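Chemist: Residue numbers (our numbering), protein chains in the order written: chain A, 470 to 802; chain B, 470 to 802; chain C, 470 to 802; chain D, 470 to 802.
Think of the CB as a built atom: it goes at the ideal place given N, C-alpha and C, for glycine as much as any other residue.
Since the model is a prediction, treat every value here as computed from it, not as a measurement.
Provided herewith is a single structure, encoded as structure tokens, for subsequent inquiry.
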């Protein structure tokens, strides 16, 4: 359940305020040069405290590789890694131990498991996404060193109701409120033929990957939800050959994927994020006994998760592609 | 790759114009009374030729169970089934063997596998969804006989740009064109505590399930894409207790799922479908050699897949829930 | 649970006296020419009634492929197949519905599932191995057409206490008794480098494969159980180079596998089979209510399963190797 | 590939001389009280330096749990753990970097991956079994707290050709040689009904588990290889009822498993180990270039792995049983 991928696999662990997060990256072929600075740089993109747009908490997420790398290269054996939690203040979270925070996972974890690690949200905290970023960075290195020129580029295209992202986030922050938004991602350089028919369509894997990220409420690809009021004659992507004789499509409503398999055009998708539920204003809720209580704002929190979610979206996309790459190596005799 | 589910699993096979479709349903507990009439009725909802809204082809999809059922009940062993293709006219499809139809999977299958079964789209045809409906019906029977009162209700809420579904489809049909639309689904009766944290969040599984259906371009749940321009203070779902003392939320922007786990409120999601790419009008494309050719309309095809997709959406949802049900039986000691 | 393999996978179904057996072979690359006569010939090796050594029942096991093959070649999509049961006489088995036959699975199935399909042993019957033979034949075709010269040769090296197999079986048959024995298998032509470290060692996969065959009680490879009273200095396989400069070992106590990975030497293993528990003489046992009853011999049964088990051992080995072959294609960048 | 189990799963990592070993235990239900002293005690049984029978190297294997445990109990989320390697002397192993040690995995890893971490055998070292012992201890705690009275008892029944284990090992050690032997295991208290038909038979899972342990050459259960020269009439296990009315078998040639499913009788199996290939005497072999070289003995090594393998056998058995326990909870409606 805590494993992602079929051949290129991440199995991860860790709570927000436990001793450490970490994981095992299994199935990475031997011979990939591990650029640890690149991995750390991806991780740094995710951590808070980097700009006025994110929480001022300073979490130094330092990844330590424990196995699977020798003389700078992957050995084909599993790559274990840890990220120690160095800055927990469990005391900060004592208020929530008996209370179900609105739109958090407190109540559902309790119902599922009978109790929960309430410190900082425990396993439900987005802190676990640090492990995804590590594995995504490895996936990027694999794809690059396999000679593929794949570019994965995620950007915030909407924050709250606005395209002026910075302004929208600062406004929400000032009001002690939060906003969501949309991250759009474009992937170029994926050859035609990746992805599996039926259940493991490439966009179904990308969708599952994105929907597994905290606070995500929706996913679409290509023309997405906007296609529903178009005619087939408007949005069919006509095949043609380009100047070099390559097969391309005149338009790209398909978002680079047809029948679940890449067609060589740019892969495009959108991810919708909700406003983070932790507000800097009082909120009504109930405790375990059903008493109505008022949650008081406490600590430092992001007014919008999107700036920090960009590298996570890219990491998940990279893992899906690395997996698809390895799988398609066996599609023909 | 052709297996769906972790514990309640469907492994399926079959092309549009091969001898038969079929599959193996594995992991269904022993003791479920198999109401074959109910299964067949679900299958009949999917088949064409039932109203003016769908193609007039008459495909009698008759499921035959081959194993795993004894004296009317599941035995705990795998349930094999077949649906023979009785009405193929391969000759109808000879035109497409050398041509890449716009927005179909012809080109991508060729790139992946080197060649393809071009008859009626082969494996990429939506005909494979018949197997999903069979497995979904079994999942429904399992959930019901487990004493759960779960209702899965999908409906077409938009066809093309309109909410007058019948009118929109007939108009498109008359013009030899096609339209997409939105199917909305509401599931009631799921207890709190189903779904797994992190990668296998309940909505991520539902999303992957829906995105794997032919022609689907997007998925969102709860407030979905509409949440992105709301404030956290507007869309946080406040917990309260109802008249019976049950924990409920005052609003349901979460769509019944928090932190990837059901919270007992109705689960709501939307699925966006594109217009089917097969048109009743000429279309430009290229053949295998890159020559520009014109596709002439031929045969009988749906102007809109949504009426037939409703039972498929429900079937996939049922399979996800049956799997989540079995998994959660092990969430506590 | 009814799926075997990681990339080259068989998911199978079927009871002894149900409508049909069958399965889905998934993960076979596109482009394998399917020699159906070869597949049927493997299946014919398994069926009874071929010589005085096996039961005189005549089960015509005719495999029908339903999908995944087009113009004689695999398409990369799942290969569905069925083998209809044409010769069941359920009436022959009514005696056992209330009785637990000694050393059969009657009691354990009842305990697990609450009831069982008692006709001919249901799912516990060795009849399911027909599906393994079909998938094993496909695996053989894949390996051969991948340009590998792998030879899998299983032979009966002991029947009862004797190496005169024919004589031993006929003697047991005459006495209405049964015997077990040993099948030894040698596989040549496997390149060095197949198999995975730790849990999925090549011999662990072979062992699991063989132990899953009905009536198997033991598995060893290389020097096997006989190695336990040897010194390391006696059984270490010294590396040297042969006349062509290839790395070989002077001896092969390792049985072609070191550290779970093939070393290019012949792979050798042994499989121990118990005497089939169905005897042609009265046996004491109890029924469901605990009453002591006497089972009377009935029907026609093998006095020794080994002659029919030879192609099953080879089929399982072929599936393990096909899987290892596909997996090792991704061991390096 | 480095994951063991279906529901109760260990994914592990680590090389002999890397920074650390560790893993993720996933699928353990919430609410198991984690007795860390018990886990550490199991680990201590495996480590060397405990008696004259094992190597005098002193490896303090201290497990650190990093997640998944809160207030002393499992939370249902993944349990990450590490065991740091504190005592490596990589210099000790420089001799082997260019040489293929007889009956080790040096050559096969090189062939598979193109290069290898040669320090202390890297991933092929039995040091990875420490992680298995940790997970096995958790499995034991789960089974116990589930109210089951399962006893798993492994013992050395033969070392070299002798039953006087201590004497045989000391004699081999004195001669700079090594011996193998047999570990026999008996498991009592497993209820009838555990294990899955066909591929995942309980003994097939036990067999795969045992065969995955370093140096294991064979596995059999119940009467095992000794059954092959018996008649069916001799070794059929007659059912009867005991004084309490429970169904038992008069004999137990089946080893507690019939048709792949436990029957409530003691489960018995044997595991054959080869002599460890590292000798305290010179050995001939070749290097990477094919030159004949002589390996000189160096360091401290076990003359027989069996004393340290006992807790590993028990740990793997416990994991198989924990998995079977969770799976069978879903065998009936």
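Give the residues of chain C in contact with residue 577 (chain B), contact being defined as C-beta atoms less than 9 Å apart.
Modeler: Chain C residues near residue 577 (chain B): none, gap ~12 Å exceeds 9 Å.
Chemist: Evaluate contact between the region 596-607 of chain A and the region 780-793 of chain A, counting only Cβ atoms and requiring at least three cross-stretch pairs below 8 Å.
Modeler: The region 596-607 of chain A vs the region 780-793 of chain A: in contact.
Chemist: Just to confirm my understanding: we take residue 751 (chain A), look at its own chain, exclude 5 residues before and 5 after, and list those with CB closer than 8 Å. What are they?
Modeler: Only 763, 764, 765, 766 meet the Cβ criterion.
Chemist: Note down, in chain order, every chain B residue with its Cβ under 8 Å from the Cβ of residue 710 (chain A).
Modeler: Residues of chain B passing the Cβ test: 755, 759.
Chemist: Closer than 7 Å, Cβ to Cβ, to anything on chain D: give me those residues from the region 682-704 of chain C, in chain order.
Modeler: Per Cβ criterion, the list reads 686, 687, 688, 689, 690, 691, 692, 693, 694, 696, 697, 698, 699, 700, 701, 702, 704.
Chemist: Chain B partners of residue 582 (chain A), CB-CB under 9 Å?
Modeler: Near residue 582 (chain A) (Cβ distances below 9 Å), the residues of chain B are 662, 800, 801.
Chemist: Quick one: does residue 541 (chain C) have its CB under 8 Å from some CB of chain B?
Modeler: Taking Cβ atoms only, chain B never reaches closer than 8 Å to residue 541 (chain C), which makes this a no.
Chemist: Got a sec: is the Cβ-Cβ distance from residue 536 (chain A) to anything in chain D below 8 Å?
Modeler: Judged by the 8 Å Cβ criterion, residue 536 (chain A) is in contact with chain D.
Chemist: Below 8 Å between beta carbons: does that hold for residue 727 (chain C) and residue 577 (chain D)?
Modeler: For residue 727 (chain C) and residue 577 (chain D), yes; Cβs fall inside 8 Å.
Chemist: To the nearest angstrom, how far is the alpha carbon of residue 543 (chain D) from that of residue 792 (chain B)?
Modeler: C-alpha separation (whole angstroms): 23 Å.
Chemist: Could you pull out every unbroken alpha helix (DSSP H) segment of at least 4 residues lying fully inside the region 580-629 of chain B, listed in chain order?
Modeler: Counting whole runs of 4 or more residues, the region 580-629 of chain B contains the alpha helix (DSSP H) stretches 598-614.
Chemist: Using a Cβ-Cβ distance under 8 Å, would residue 615 (chain A) count as near chain C?
Modeler: Yes, residue 615 (chain A) lies at the interface with chain C (some Cβ there is under 8 Å from its Cβ).
Chemist: Indicate the three-state DSSP secondary structure (helix, strand or coil) for residue 499 (chain D) in the structure shown.
Modeler: Strand, per DSSP.
Chemist: Determine the burial state of residue 693 (chain D): buried for a count of at least 16 other Cβ atoms within 10 Å of its Cβ, exposed for fewer.
Modeler: The residue in question, residue 693 (chain D), is buried, as its Cβ has 16 or more Cβ neighbours within 10 Å.
Chemist: Give the single residue among C:663, C:492, C:773 whose Cα lies nearest to the Cα of residue 749 (chain C).
Modeler: Nearest option by C-alpha distance: C:773.
Chemist: Starting from the beta carbon of residue 499 (chain A), find every residue of chain C whose beta carbon is closer than 9 Å, and list them in chain order.
Modeler: By Cβ distance, chain C contributes 800, 801, 802.
Chemist: Per DSSP, residue 436 (chain D) is paired with what?
Modeler: One cannot answer for residue 436 (chain D) here, as it falls past the ends of chain D, which runs 470 to 802.
Chemist: Have a look at the DSSP bridge pairing and note the partners of residue 704 (chain C).
Modeler: The partner list for residue 704 (chain C) (beta bridge, DSSP) is empty, contrary to what the question assumes.
Chemist: Measure the C-alpha to C-alpha separation of residue 753 (chain D) and residue 700 (chain C) and round it to an integer number of angstroms.
Modeler: Taking the straight line joining both Cα atoms gives about 16 Å.
Chemist: Taking C-beta pairs closer than 7 Å, name the residues in chain B that residue 748 (chain D) reaches, listed in chain order.
Modeler: In chain order: nothing, as chain B lies at least about 47 Å away.
Chemist: Can you tell me the Cα-Cα spacing of residue 568 (chain C) and residue 755 (chain C), whole angstroms?
Modeler: Those two C-alpha atoms are separated by around 6 Å.
Chemist: Any beta carbon from chain B within less than 8 Å of residue 795 (chain D)'s own beta carbon?
Modeler: Answer yes: the Cβ-Cβ gap between residue 795 (chain D) and chain B drops below 8 Å somewhere.
Chemist: Label residue 593 (chain C) either buried or exposed according to how many other C-beta atoms from any shown protein chain fall within 10 Å of its C-beta, with 16 as the threshold for buried.
Modeler: Buried, since its Cβ has 16 or more Cβ neighbours within 10 Å.
Chemist: Enumerate, from N- to C-terminal direction, the unbroken beta strand (DSSP E) stretches of 3 or more residues contained entirely within the region 753-790 of chain A.
Modeler: Within the region 753-790 of chain A, the complete beta strand (DSSP E) runs of at least 3 residues are 761-764.
Chemist: So residue 680 (chain D) contacts chain C; which residues on that side make the cut at Cβ distance below 7 Å?
Modeler: Near residue 680 (chain D) (Cβ distances below 7 Å), the residues of chain C are 670, 672, 673, 676.
Chemist: Within the same chain, show all residues whose beta-carbon is closer than 6 Å to that of residue 595 (chain C), passing over the 5 residues directly before and after it, in chain order.
Modeler: Around residue 595 (chain C): 683.
Chemist: For a contact defined as C-beta to C-beta under 9 Å, what are the partners of residue 605 (chain B) on chain G?
Modeler: Looking for chain G here will not work: the only protein chains present are A, B, C and D.
Chemist: I want to see whether chain A comes within less than 8 Å of residue 666 (chain C), judged by CB atoms only; does it?
Modeler: Yes, its Cβ sits closer than 8 Å to a Cβ of chain A.
Chemist: Can you tell me whether DSSP reads residue 722 (chain D) as helix, strand or coil?
Modeler: Residue state, collapsed to three classes: coil.
Chemist: For residue 484 (chain C), count the other beta carbons within 10 Å of its own beta carbon; 16 or more makes it buried, fewer makes it exposed. Which is it?
Modeler: The residue in question, residue 484 (chain C), is buried, as its Cβ has 16 or more Cβ neighbours within 10 Å.
Chemist: Buried or exposed for residue 757 (chain B), please, with buried defined as at least 16 other CB atoms from any protein chain shown within 10 angstroms of its CB.
Modeler: It is exposed - the Cβ of residue 757 (chain B) has fewer than 16 other Cβ atoms within 10 Å.
Chemist: Does the beta carbon of residue 476 (chain B) come closer than 8 Å to any beta carbon on chain D?
Modeler: By this cut-off, residue 476 (chain B) is an interface position.
Chemist: Would a C-beta distance cut-off of 8 Å place residue 514 (chain D) and residue 780 (chain D) closer than the cut-off?
Modeler: Closer than 8 Å, so yes.
Chemist: Within the 8 Å Cβ cut-off, does residue 545 (chain B) reach chain D?
Modeler: By this cut-off, residue 545 (chain B) is an interface position.
Chemist: Strictly under 8 Å for the Cβ-Cβ distance: is residue 484 (chain A) near chain B by that measure?
Modeler: Not closer than 8 Å to any Cβ of chain B, the Cβ of residue 484 (chain A) fails to qualify, so no.
Chemist: Would you say residue 739 (chain C) and residue 656 (chain C) are within 8 Å of each other, going by their C-beta atoms?
Modeler: Not closer than 8 Å, so no.
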